[in-house]
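Have a look at the structure below, then the notes.
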Amino acid sequence: MRGRWTLAVLLCTLALLGRGVAARQTAKPAQPRADAELPPLSWTCPMHPEILEDKKGSCPICKMDLVPIRLDSVWTCATRPLAVVQSGPGRCPIDGTALVQVTAAISWGCPGSGEESVSPGTCPDGSPMQKKYASRAHGNHNPQHGGLFFMAADNIHHLEGAYLPSGVFRMYFYDEFTKPQTLAAMKDITAKLIVKDARTGKDATYALVRSGRYLQATIGKLPLPAEMYANVKFAAGGKDNRFDFTFPAYSKEPHGTPTATMTNAAPSASPAAPAAATNAPAAPASPAVPSGAEGSSGIDAALVTLPIPDTVPEMLAQLRTRTEQIKQFIDKGSFASIYVPAFQAKDLALALEAHKSELPAERRRLAEPAFSKLVRSAWLLDAFGDIGNKQQISSAYTKFVEAANDIQSAFPPQR
Numbered sequence: 003m004r005g006r007w008t009l010a011v012l013l014c015t016l017a018l019l020g021r022g023v024a025a026r027q028t029a030k031p032a033q034p035r036a037d038a039e040l041p042p043l044s045w046t047c048p049m050h051p052e053i054l055e056d057k058k059g060s061c062p063i064c065k066m067d068l069v070p071i072r073l074d075s076v077w078t079c080a081t082r083p084l085a086v087v088q089s090g091p092g093r094c095p096i097d098g099t100a101l102v103q104v105t106a107a108i109s110w111g112c113p114g115s116g117e118e119s120v121s122p123g124t125c126p127d128g129s130p131m132q133k134k135y136a137s138r139a140h141g142n143h144n145p146q147h148g149g150l151f152f153m154a155a156d157n158i159h160h161l162e163g164a165y166l167p168s169g170v171f172r173m174y175f176y177d178e179f180t181k182p183q184t185l186a187a188m189k190d191i192t193a194k195l196i197v198k199d200a201r202t203g204k205d206a207t208y209a210l211v212r213s214g215r216y217l218q219a220t221i222g223k224l225p226l227p228a229e230m231y232a233n234v235k236f237a238a239g240g241k242d243n244r245f246d247f248t249f250p251a252y253s254k255e256p257h258g259t260p261t262a263t264m265t266n267a268a269p270s271a272s273p274a275a276p277a278a279a280t281n282a283p284a285a286p287a288s289p290a291v292p293s294g295a296e297g298s299s300g301i302d303a304a305l306v307t308l309p310i311p312d313t314v315p316e317m318l319a320q321l322r323t324r325t326e327q328i329k330q331f332i333d334k335g336s337f338a339s340i341y342v343p344a345f346q347a348k349d350l351a352l353a354l355e356a357h358k359s360e361l362p363a364e365r366r367r368l369a370e371p372a373f374s375k376l377v378r379s380a381w382l383l384d385a386f387g388d389i390g391n392k393q394q395i396s397s398a399y400t401k402f403v404e405a406a407n408d409i410q411s412a413f414p415p416q417r
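The opening position of the sequence shown corresponds to residue 3 in our numbering, with each subsequent residue numbered one higher.
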């Protein structure tokens, strides 16, 4: 956020209000959407696209008027974002790799006209406006080299750590559009890697050495899952940014076999099967599916969103399930996936809050602050999950569990 609207301000706001006044600018991936169903209208700042609101207003950074925008999650080639666009998973026709989900801005326009609309319409010649897709900052948090992808607390720098079968740890750097950092931008970045020896329990520190657009160090082959963390300075004299990595397996570069010859970059529209309704709210960029957790479809079953149940006992049961899923992701180091069960739990808490009038006064006094505490903790888990700091994630999870337990205690067992 250009160094002025820091994550600390965001988290302070979330702690006070339970929602992001200056939420990041992208939508967490939703289920595939039919073209006839428009994504919701949001409002963003022309100068600070990381700002996203659900109504008109002014930018909290520069005070400019917010402008309307529609964001949606689409599937595209990891190596050529938005060159191919589909509404569901598949293979990239350019290089054969699996498609990834990204968040894109959608608009409509007429051939030969520079004007764009946030809603479909008709051109002067009577033809329908053409749908267009545009990349968004933070819209693509997918690993580019088979590693683990994180965003820095400044909301600008992004990095990916990869642990290769050769025993080399390699760190790649990107801007907010997931484009590799330039060599000029790399010159002030320094980092060191701290690895704990599973046999002795002692820490070993490795300086990461620059090689072109990445830093690397040979750390040898460690027992898997391999845990380590990096302290990274993005500017000379800057403060350390900590990123925790847990590698369940060695990182592998994406590869595939081209399935077709591309003659142009026009987005395709491959329909997907209808998906179940989701109650997960919009928020940033699609996570990498944790290695080893995928089902036959390639999607982690724990990331599949479910509708809110109709009864209180079912809601409480799902809340327990989501709480355990968050713990499993933390234990595995799959931090980028935490937001899904966290936001699902938030929605469950809000649904349960609608039933608080059914509680006796003493139980209602226990439940009311717990609802707000869980909502705040869910947002914190989302923010810290993107950053990849395990200590902050664990602290937020402790508060989340406390809130979830209070909610469970407030509602008497029902038979």
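A virtual CB, placed ideally from N, CA and C, is assigned to each residue, including glycine.
Everything numeric in this text was worked out from a predicted model, so none of it was measured.
- Remark: C-beta atoms of F152 and F245 approach each other more closely than 8 Å.
- DSSP places L166 outside both helix and strand once states are collapsed to three, so it counts as coil.
- In this structure S75 is buried. Its beta-carbon is surrounded by 16 or more other beta-carbon atoms within 10 angstroms.
- The Cβ atoms of I63 and C47 lie closer than 8 Å to each other.
- The DSSP-derived three-state label of K375 is helix.
- Here DSSP, grouped into helix, strand and coil, assigns F171 to strand.
- The Cβ-Cβ distance between T207 and I221 does not fall below 8 Å.
- By the criterion of a C-beta distance shorter than 7 Å, A238 is surrounded in its chain by D190, once the five residues flanking it on both sides are discounted.
- Inside the region 189-261, DSSP marks no whole alpha helix (DSSP H) run of 4 or more residues.
- Per DSSP, the beta bridge partners of Q103 are W77.
- In the DSSP assignment, Q394 forms no beta bridge with any residue.
- Going by DSSP, Q346 is part of the alpha helix (DSSP H) stretching over 341-355.
- Of A100, N142, V234, S411, the smallest CA-CA separation from D177 is found for N142.
- Residue pairing from DSSP places H160 in a beta bridge opposite M153, Y176.
- The Cβ-Cβ distance between L350 and I310 falls below 8 Å.
- Note: A338 is not bridge-paired with any residue in the DSSP secondary-structure output.
- By DSSP's assignment, Q88 forms a beta bridge with W77.
- Assigned with DSSP and collapsed to three states, L43 falls in strand.
- Apart from sequence neighbours up to five positions away, the residues of its chain that approach Y231 with a beta-carbon distance below 8 Å are L195, I196, R244, F245, D246, F247, K392, ordered along the chain.
- Rounded to the nearest whole angstrom, the CA to CA distance from E404 to P414 is 17 Å.
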